[in-house]
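Mapped onto this note's numbering, the consecutive letters of the sequence shown carry residue numbers 7 to 483.
Ideal Cβ positions, reconstructed from N, Cα and C, are used throughout, including at glycine.
Treat the numbers as computed from the prediction; the structure is a model and nothing was measured.
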Amino acid sequence: MWDYDIVVVGAGSGGLVACKLARGLGKRTALVEKRKIGGDCTWFGCVPSKTLIKSAYVAHQIGRLKEFGIEPRGAMAFDASRVMAHVREVVEADAATHPPESYEAEGISVLLGAAHFVDPHTIRVGDRTITSKHFVLCTGSHPSVPPIEGLSDIPFLTNETIFGLEELPRSMIVLGAGPIGVEIAAALNRLGVEITILQRSASFLKKDDPELTGRLLEILRDEGVKIRLETPVHRFERRDGGIIAHISEVNGATTVQADSVLVALGRVPNLSDLGLEQAGVEYDSHGLKVDKHLRTTSPTIYAAGDVVPPYLFTHIAEYEAVIATTNACFGLPLKTANYDNVLWATYTDPELAHAGLTEDEARARYGEGIRIYRWEHRHVDRAKTDLADQGLSKFVCDRKGRLLGIHILGHGAAELMHEAQLAKSLGIPFSRIASVIHAYPSYSDAVRQPAKRCYVDDLQNSPFVKLVKKIVPGKRR
């Protein structure tokens, strides 16, 4: 007899979904966490970063008052010294909504401490040993720190430490042009921090559509963010109270100086010290080896979240947690992971939303028969009224007009994308959106208008319409 039916290791986004689902299915459930309930998203990721981004947005809008016809009375300046305190207050308030006691009240045993496998059915948590029929691993990830000379000798920041700052630095070097680095860099720039992004390669937000990332790059540069691509960092040193980065560029070696450094160079799965070898679980530097049912190489152990490559997003962790936990609870391959409709968003301003294939990826897979529909947000009336018309919607369709990719750069893009995502996920032709009544004026025009163009193309390509054109030719002049 096992102590539990399901033990979930890791109380982040995936783990919290997993333990509640298991308990909801009537299973004796335990949740193990070695740090804090809520995981990376609550404490070091989504919640603090989006709070910071909102504060930066408000500060930026205040600076635009004259653009909206509002004349400030007297000199205007803002003090951002309490921004990080505000961020921490929001984080604490969010964390307070899911204390350990709330899970205990639902019948879920909460064990605080590091888990270590003894065998496929047994783990140690501190001085306690427990057994379970099945396990679900949701241990998350941590920041990747490169072996750059001198980096360990400076007080560098990561997403796990930056939100603990009491005061904002005057300047910051950000290593990496991925979503974490770009979001934080853009926000801090608006709060008065002099930002320099250093990216080793020529790519900027490399997983997104280059047409849109190119536009976003220029928008951020126009706001004052220094972005230096193809610029590897060879060494750091402290000098005169500041930090010096020795870099290489096309024109040769040079240096960049700042008060602080943020390392935002990807993530590493939290798999060390779990004793996975004793449980028969195989893994590599990218994460656990799982099958399409999210079962590891041990029949008793499933996984979800950042330990399952390659999509390290909170919403994917929750999606995977449902699949892994359902299969673990019943011991059967009832659910299968399908990543055809993965989406994500980068919360800059304007936001950048992504689902499916980029234009280049679609051409490589489907050839030149794909159909591309673009709509400039300067043609969206609501964007005009809000002075938020720096944007482009881009939809990639196959020959039949079904969506292959959704890419939106614009105000509220993360919300705006979901109507098209629903059509994509259900296999509904993009043109069908055109027949749905939309509120006017709204940003939804950035989806509906290109859908109307797709509808016109569908009509012109219809065999029936082509036949009618042959039978009933147009009037001759």
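Leaving aside the five residues before and after residue i along the sequence, list all residues of the same chain whose C-beta is less than 7 angstroms from its C-beta, in chain order.
| i | result |
| --- | --- |
| residue 282 | 123, 289 |
| residue 482 | Its pLDDT being 48, under 50, residue 482 is placed unreliably in this model, and the value from its coordinates should be taken loosely. Cβ neighbours of residue 482 beyond the five flanking positions: none. |
| residue 295 | 288, 289, 302, 303 |
| residue 95 | none |
| residue 339 | 299, 333 |
| residue 100 | 48, 53 |
Going by other Cβ atoms of all chains shown within 10 Å of its Cβ, with 16 needed for buried, is residue i buried or exposed?
| i | result |
| --- | --- |
| residue 6 | Outside the shown range of the chain (7 to 483) lies residue 6, about which nothing can therefore be said. |
| residue 402 | buried |
| residue 308 | buried |
| residue 406 | exposed |
| residue 393 | exposed |
| residue 90 | buried |
| residue 159 | exposed |
| residue 465 | exposed |
| residue 57 | buried |
| residue 446 | exposed |
| residue 477 | exposed |
| residue 85 | exposed |
| residue 437 | buried |
| residue 188 | buried |
Quick one, are the C-beta atoms of residue i and residue j less than 9 angstroms apart?
| i | j | result |
| --- | --- | --- |
| residue 196 | residue 65 | yes |
| residue 204 | residue 237 | yes |
| residue 42 | residue 48 | yes |
| residue 310 | residue 318 | no |
| residue 271 | residue 184 | yes |
| residue 145 | residue 287 | no |
| residue 250 | residue 263 | yes |
| residue 59 | residue 353 | yes |
| residue 11 | residue 127 | no |
| residue 330 | residue 18 | no |
| residue 389 | residue 376 | no |
| residue 277 | residue 314 | no |
| residue 410 | residue 218 | no |
| residue 413 | residue 214 | yes |
| residue 363 | residue 382 | no |
| residue 148 | residue 273 | yes |
Quick one: measure Cβ to Cβ for residue i and residue j, integer angstroms, because I've assumed they're closer than 8 angstroms.
| i | j | result |
| --- | --- | --- |
| residue 4 | residue 460 | Lying before the first or after the last residue shown, residue 4 is absent from the chain, which here runs from 7 to 483. |
| residue 54 | residue 169 | 4 angstroms |
| residue 457 | residue 440 | 4 angstroms |
| residue 8 | residue 137 | 5 angstroms |
Could you tell me whether any non-hydrogen atom of the ligand GDP is closer than 8 angstroms to the CB of residue i?
| i | result |
| --- | --- |
| residue 135 | No copy of the ligand GDP occurs in the structure displayed, which carries no ligand at all. |
Once you ignore the five residues that flank residue i on each side, which residues in its own chain have a CB closer than 6 angstroms to its CB?
| i | result |
| --- | --- |
| residue 298 | 342, 343 |
| residue 463 | none |
| residue 133 | none |
For residue i, would you say it is in contact with chain C, using Cβ-to-Cβ distances shorter than 9 angstroms as the test?
| i | result |
| --- | --- |
| residue 339 | The structure shown contains no chain C; it is built from a single protein chain. |
Enumerate in chain order the residues of its own chain whose CB-to-CB distance from residue i is below 8 angstroms, with the five nearest sequence positions on each side excluded.
| i | result |
| --- | --- |
| residue 72 | 78 |
| residue 378 | 365, 400, 401, 402, 403 |
| residue 454 | 439, 440, 442, 444 |
**Study point:** Contact between the stretch 441-452 and the stretch 426-433 (3+ Cβ pairs under 8 angstroms)
**Key:** no
**Study point:** the stretch 202-216 in contact with the stretch 167-183 per 3-pair CB rule at 8 angstroms
**Key:** yes
Exercise for review: Examine the Cβ distances between the stretch 16-24 and the stretch 131-144 and report whether three or more of them are shorter than 8 angstroms.
Suggested key: yes
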